[in-house]
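In the UniProt record's numbering, the protein residues as written are 1 to 319. Just so it is clear, CB atoms sit at the ideal spot from N, CA and C, and this is done for glycine as well. All of these numbers come straight from a predicted model, not from anything done at the bench. Structure record follows, encoded as structure tokens.
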């Protein structure tokens, strides 16, 4: 790996900026909005799915279906999977960070947490990613703007979690903290996912999902005994949409954008998906947000925007 990941990413971004035409830039922005919509809708799909499907089985089926669809698509496109054991070990780590742990935690939490709140809590992943890079890899300078983003994002989480947590003496605290834990996993996955540069976007997407399914399916068979379940048609339709659109297609778009926009640009989907995800949950599930949750939403969006939007001066210094 590049001993200075940020410097390497900046040089790569400069090369891409020179080579990229306006149509390609428009395509990237379109894909970014598409990814935000697909992931924003996933919280509503999960909420509908877990109504009659246990969380572990829902996520096992999600990863298995999505991974299988991607493998089939790769076969049609004649894209081969790597055979190097070292790459598959990285797929294992990516699967834990990007699907197995966060998918399961969010699905379990949404049995009691509204989809809109889950969307807000999960939108702080870029804030967590920055804290991780600043505290561990130390290649991100702590500017005033980024400091504001960290404080605003964390304040938003406190506004969403804090009020209901104290009022219910923990009734909502544990599942909401589970979603925050999933957010930390996504942040770590975004940092670790940069190591797949050079691979077709479908390869790490399919590889990590197949590894995730390999871990989750046996656990589902042992714990939930899926053959004894009686899921509703609505839950099955939500599962299909979750696997095909919010996982298989979304993962390919995600890894593609990491290569074209870079990790910083791709994290913009986190705050784009907040209003999309909340709007979907309000319209289709009839959910509503408290005043403190709306304030938290505003803080999280402002914080993530401050963390991800570069000024023209920063863009020039990066190149």
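Kindly indicate the opening and closing residues of the alpha helix (DSSP H) around residue i.
i           : result
residue 119 : 115-122
residue 172 : Run containing residue 172: none; DSSP gives neither H nor E here.
residue 214 : 202-223
residue 228 : No alpha helix (DSSP H) contains residue 228, which DSSP labels as neither H nor E.
residue 260 : 250-260
Return the residue from the list the options that minimises the CA-CA distance to residue i.
i           : options            : result
residue 30  : 283, 298, 250, 305 : 250
residue 130 : 105, 242, 183      : 183
residue 257 : 226, 201, 275      : 201
residue 107 : 51, 224, 223       : 51
residue 245 : 290, 28, 32, 42    : 42
residue 158 : 205, 189, 117      : 117
residue 172 : 294, 121, 204, 219 : 121
residue 77  : 288, 69, 83        : 69
residue 196 : 301, 224, 230, 82  : 82
residue 207 : 252, 124, 229, 231 : 252
residue 99  : 119, 59, 109       : 59
residue 90  : 67, 287, 211, 47   : 211
residue 243 : 110, 205, 27       : 205
residue 240 : 65, 71, 84, 125    : 65
residue 111 : 86, 175, 150, 84   : 175
residue 302 : 80, 55, 150        : 150
residue 32  : 294, 260, 288      : 260
residue 71  : 226, 209, 223, 235 : 209
residue 105 : 94, 55, 86         : 55
residue 97  : 192, 237, 73, 254  : 192
Taking only three categories from DSSP, how would you classify residue i?
i           : result
residue 197 : coil
residue 181 : helix
residue 288 : coil
residue 5   : The predicted model places residue 5 with a pLDDT of 42, which falls under 50 and marks its position as unreliable, so this point remains unresolved.
Do you know offhand how far residue i's Cα is from residue j's?
i           : j           : result
residue 148 : residue 199 : 35 angstroms
residue 92  : residue 217 : 15 angstroms
residue 296 : residue 180 : 14 angstroms
residue 53  : residue 145 : 43 angstroms
residue 185 : residue 113 : 19 angstroms
residue 153 : residue 61  : 32 angstroms
residue 233 : residue 281 : 19 angstroms
residue 285 : residue 63  : 24 angstroms
residue 165 : residue 155 : Any answer about residue 165 is weak, because its pLDDT of 46 lies below 50 and its placement is not dependable; what the coordinates show is given next. If you take the alpha carbons of residue 165 and residue 155, they lie about 15 angstroms apart.
residue 103 : residue 46  : 9 angstroms
residue 39  : residue 247 : 8 angstroms
residue 115 : residue 36  : 15 angstroms
residue 221 : residue 214 : 12 angstroms
residue 84  : residue 132 : 28 angstroms
residue 306 : residue 294 : 18 angstroms
residue 278 : residue 126 : 18 angstroms
residue 292 : residue 274 : 16 angstroms
residue 101 : residue 24  : 34 angstroms
residue 88  : residue 194 : 15 angstroms
How about residue i: is its Cβ closer than 7 angstroms to a heavy atom in the ligand ZN?
i          : result
residue 27 : Summarising the ligand content, the structure contains no ligands, and the ligand ZN is consequently not present.
Suppose only complete runs of 4+ residues qualify. What are the alpha helix (DSSP H) ranges in the UniProt domain "EamA" (30-161), listed by chain order?
55-77, 85-95, 101-109, 115-122, 125-132
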